[in-house]
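From first to last, the protein sequence lines stand for chains A and B. When we follow UniProt numbering, the leftmost residue of the first sequence carries the number 1, and every step to the right adds one. When we follow UniProt numbering, the leftmost residue of the second sequence carries the number 1, and every step to the right adds one. Notes to accompany the following structure.
Protein chains: 2
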Amino acid sequence: MEKEKGGQLKDFFPFWEKLTAAEMESICRSAAEMTYSRGSFIHKASEDCVGVILVQAGALRVYIQSEDGRDITLFRIEEGEACILSASCFMQEITFEILIDAEEDSRVTVIPTAVFKKLSDENIYVENFVYKQTTERFSDVMWTMQQILFMSFDRRLAVFLIDESAKTGKDTLTMTHDQIAKYTGSAREVVSRMLKYFENEDIVELGRGRVRLKDKKRLKELARQ
Amino acid sequence: MEKEKGGQLKDFFPFWEKLTAAEMESICRSAAEMTYSRGSFIHKASEDCVGVILVQAGALRVYIQSEDGRDITLFRIEEGEACILSASCFMQEITFEILIDAEEDSRVTVIPTAVFKKLSDENIYVENFVYKQTTERFSDVMWTMQQILFMSFDRRLAVFLIDESAKTGKDTLTMTHDQIAKYTGSAREVVSRMLKYFENEDIVELGRGRVRLKDKKRLKELARQ
Chain A
1 MEKEKGGQLK
11 DFFPFWEKLT
21 AAEMESICRS
31 AAEMTYSRGS
41 FIHKASEDCV
51 GVILVQAGAL
61 RVYIQSEDGR
71 DITLFRIEEG
81 EACILSASCF
91 MQEITFEILI
101 DAEEDSRVTV
111 IPTAVFKKLS
121 DENIYVENFV
131 YKQTTERFSD
141 VMWTMQQILF
151 MSFDRRLAVF
161 LIDESAKTGK
171 DTLTMTHDQI
181 AKYTGSAREV
191 VSRMLKYFEN
201 EDIVELGRGR
211 VRLKDKKRLK
221 ELARQ
Chain B
1 MEKEKGGQLK
11 DFFPFWEKLT
21 AAEMESICRS
31 AAEMTYSRGS
41 FIHKASEDCV
51 GVILVQAGAL
61 RVYIQSEDGR
71 DITLFRIEEG
81 EACILSASCF
91 MQEITFEILI
101 DAEEDSRVTV
111 IPTAVFKKLS
121 DENIYVENFV
131 YKQTTERFSD
141 VMWTMQQILF
151 MSFDRRLAVF
161 LIDESAKTGK
171 DTLTMTHDQI
181 AKYTGSAREV
191 VSRMLKYFEN
201 EDIVELGRGR
211 VRLKDKKRLK
221 ELARQ
């Protein structure tokens with residue numbers, strides 16, 4: 001049983017071969033399986049510090065939140081990926097607060113922060129992995145920020161709709177305006193107004209909680225602007 | 001001479017004691033002193049990859065730029081600090097493009113990218129330093145982004161004016177609206193409009209290339225909103 005868990009864990013951690021037997025055991029013994037249903041809240045840095053989360057199935061959403069409750073999605077953590085930022089309380093270089101939700105029904109493995117901190121303190125290869133992973137997320141965040149800060153919203157929304165359609169393989173997206181606002185870092189009213197404009201232009205067709213892409217050619221032109 | 005340079009370099013690099021004699025020598029021998037006058041352009045990732053920059057005197061400004069030439073200042077690198085992102089081309093985890101200017105007349109030491117990459121490949125302590133530093137910058141960027149995305153602009157401008165006044169120890173800031181726009185990540189027109197509003201409210205007094213803070217109490221109230 002423990003051996004089996006270790007086999008899975010190994011796939012998430014490139015430093016596995018650099019661990020001592022005792023270190024491997026401390027990870028395997030402390031690893032806990034958890035499930036989160038879609039939409040449930042997983043982590044807020046200032047309130048707890050869940051630990052390193054390994055996504056076995058499903059997907060998580062990492063975001064920041066303004067004081068008045070506005071969300072900006074920074075990136076997603078997909079199946080097979082590890083999330084270090086959910087244990088960021090042990091990294092003194094991280095001074096910002098992120099939140100994590102389950103974007104889909106998700107099955108994860110959690111390594112408690114205390115266990116991972118000890119490993120990272122004692123084994124430079126573990127520490128190295130932590131900061132490399134974080135640097136990758138830095139790049140994800142910079143991409144998102146440039147989208148938000150530099151693109152006009154019609155273009156941004158067009159990019160989002162095309163990306164979602166490519167990801168799901170469908171022309172009809174089942175999402176509310178509120179969800180789209182969260183992912184594009186805007187207000188719901190802004191999204192609704194722009195979708196209405198797209199509808200008037202015959203680019204999309206709107207329904208309750210869904211958006212059908214009618215004119216993908218136009219959308220792609222907008223996205224390239 | 002080399003010894004002296006090594007002494008200085010040591011202060012920038014916490015990994016110094018973990019280097020072999022040959023590694024120390026490769027840094028010392030390749031280190032070049034450079035000066036940049038205020039406002040001069042230092043680095044653009046896609047065009048060159050200067051190397052690791054150590055700020056001996058002065059300060060650098062790290063920013064991103066939109067296609068239409070709008071700047072957003074991410075953070076500053078002050079005297080005594082090292083900048084790794086100017087050698088980011090060797091870090092495959094970094095996929096975004098940053099630019100660097102001299103914010104003041106600056107004297108720097110540059111370690112060429114190729115030398116630093118070799119060290120980082122061969123010595124895990126150097127690699128560790130690289131990614132830890134980058135994680136610190138990630139935190140700086142998140143702070144900046146939250147200011148831009150979540151604060152209303154009157155508050156943001158008030159925070160900026162108070163911070164600048166505290167930094168320089170003066171009530172009169174010698175900056176153009178264009179410079180303030182760069183630092184606050186907004187358009188010049190937005191800055192001018194808000195400064196005009198502040199002037200009408202008797203909070204500031206505007207002159208050519210300068211802003212005098214008349215009512216710091218009001219500004220601080222705005223900043224706390």
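Even glycine gets a Cβ: it sits at the ideal position worked out from N, Cα and C. What you are looking at is a predicted structure, and each value in this text was computed from that prediction instead of being measured.
Given that residue i touches chain A, what residues does it touch there, using C-beta distances under 9 Å?
i	result
lysine 10 of chain B	Ordered by position in chain A, no residue passes the 9 Å Cβ test against lysine 10 of chain B, which lies about 20 Å from the chain.
tryptophan 143 of chain B	Thr95 and Phe96
leucine 149 of chain B	Ile64, Ser66, Arg70, Ile72, Met145, Ile148, Leu149 and Gly185
Along chain A, which residues have their Cβ under 7 Å away from the Cβ of residue i?
i	result
lysine 132 of chain B	Glu93 and Tyr131
glutamate 127 of chain B	Asn128
glutamate 136 of chain B	Glu93
isoleucine 64 of chain B	Gln146
With which residues is residue i paired in a DSSP beta bridge?
i	result
leucine 173 of chain A	A/Val211
isoleucine 203 of chain A	None, per the DSSP bridge assignment.
isoleucine 100 of chain B	B/His43 and B/Val62
residue 291 of chain A	With chain A running from 1 to 225 in the structure shown, residue 291 of chain A is simply not present.
Please list, in chain order, all residues of the same chain as residue i whose beta carbon is under 6 Å from its beta carbon, the five residues on each side excluded.
i	result
proline 112 of chain A	Ser30 and Gly51
aspartate 105 of chain A	Ser37, Arg38 and Gly58
alanine 141 of chain A	Per the sequence shown, the amino acid found at residue 141 of chain A is valine instead of alanine. Once the five neighbours on either side are set aside, the close Cβ partners of valine 141 of chain A are Leu74.
phenylalanine 116 of chain B	Val52 and Ala87
alanine 114 of chain B	none
valine 130 of chain A	Ile84 and Ser120
threonine 176 of chain B	Gly209
lysine 18 of chain B	Tyr125
alanine 32 of chain A	Val110
Whole angstroms are fine: how far does the CA of residue j sit from the CA of residue i?
i	j	result
leucine 213 of chain B	glutamate 189 of chain B	20 Å
threonine 172 of chain A	isoleucine 94 of chain B	34 Å
residue 249 of chain B	threonine 135 of chain B	One cannot answer for residue 249 of chain B here, as it falls past the ends of chain B, which runs 1 to 225.
leucine 60 of chain B	serine 186 of chain B	20 Å
asparagine 200 of chain B	glutamine 56 of chain B	42 Å
glutamate 79 of chain A	arginine 107 of chain B	47 Å
glycine 69 of chain B	glutamine 179 of chain B	14 Å
isoleucine 77 of chain B	valine 62 of chain B	8 Å
glutamine 133 of chain A	glutamate 127 of chain A	10 Å
valine 191 of chain B	phenylalanine 41 of chain B	24 Å
residue 285 of chain A	lysine 118 of chain B	No information on residue 285 of chain A is available, as it lies outside the stretch 1 to 225 that chain A covers here.
valine 211 of chain A	glutamine 92 of chain B	37 Å
methionine 151 of chain A	tryptophan 143 of chain A	11 Å
threonine 35 of chain A	threonine 168 of chain A	23 Å
phenylalanine 138 of chain A	serine 139 of chain B	9 Å
tyrosine 125 of chain B	threonine 184 of chain B	36 Å
leucine 222 of chain A	lysine 182 of chain A	21 Å
arginine 224 of chain B	valine 110 of chain A	38 Å
alanine 22 of chain B	asparagine 123 of chain B	12 Å
glutamine 146 of chain B	phenylalanine 198 of chain A	30 Å
isoleucine 148 of chain B	lysine 196 of chain B	20 Å
proline 14 of chain B	glutamate 67 of chain B	38 Å
glutamate 103 of chain B	threonine 174 of chain B	14 Å
glycine 207 of chain B	glycine 207 of chain A	54 Å
With a CB to CB cut of under 8 Å and the five nearest residues on each side skipped, what residues in its chain are close to residue i?
i	result
glycine 6 of chain A	Reliability of the predicted coordinates at glycine 6 of chain A is poor, the pLDDT of 43 falling under 50, and the value obtained from them is presented with this limitation in mind. So the qualifying residues of the chain are Met24, Ile27 and Cys28.
lysine 216 of chain A	Ile162, Ser165 and Asp171
methionine 194 of chain B	Phe153, Asp154 and Leu157
aspartate 101 of chain A	Gly39, Ser40, Phe41, Ile42, Leu60, Arg61 and Tyr63
tryptophan 16 of chain B	Leu9, Lys10 and Met24
Going along chain B in order, which residues have a C-beta closer than 8 Å to the C-beta of residue i?
i	result
isoleucine 124 of chain A	Ile124, Tyr125 and Asn128
What residues in its chain sit with their C-beta under 7 Å from that of residue i, if we drop five residues either side in the sequence?
i	result
leucine 219 of chain B	Ala158, Leu161, Ile162, Ile203 and Leu213
glutamine 65 of chain A	Asp71 and Leu99
phenylalanine 12 of chain B	Leu54 and Ala82
threonine 20 of chain B	none
Cβ closer than 9 Å: which chain B residues qualify as neighbours of residue i?
i	result
serine 139 of chain A	Glu93, Ile94, Thr95 and Phe96
Worksheet entry | Minimum length 4: unbroken alpha helix (DSSP H) runs contained in the segment 6-82 of chain B | Fully enclosed alpha helix (DSSP H) runs of no fewer than 4 residues occupy 21-30 of the segment 6-82 of chain B, in order along the chain.
Worksheet item: Where are the beta strand (DSSP E) runs, 3 residues long or more, that stay fully inside the segment 106-165 of chain B, in chain order?
Response: Those beta strand (DSSP E) runs which fall completely within the segment 106-165 of chain B and span 3+ residues are 106-111.
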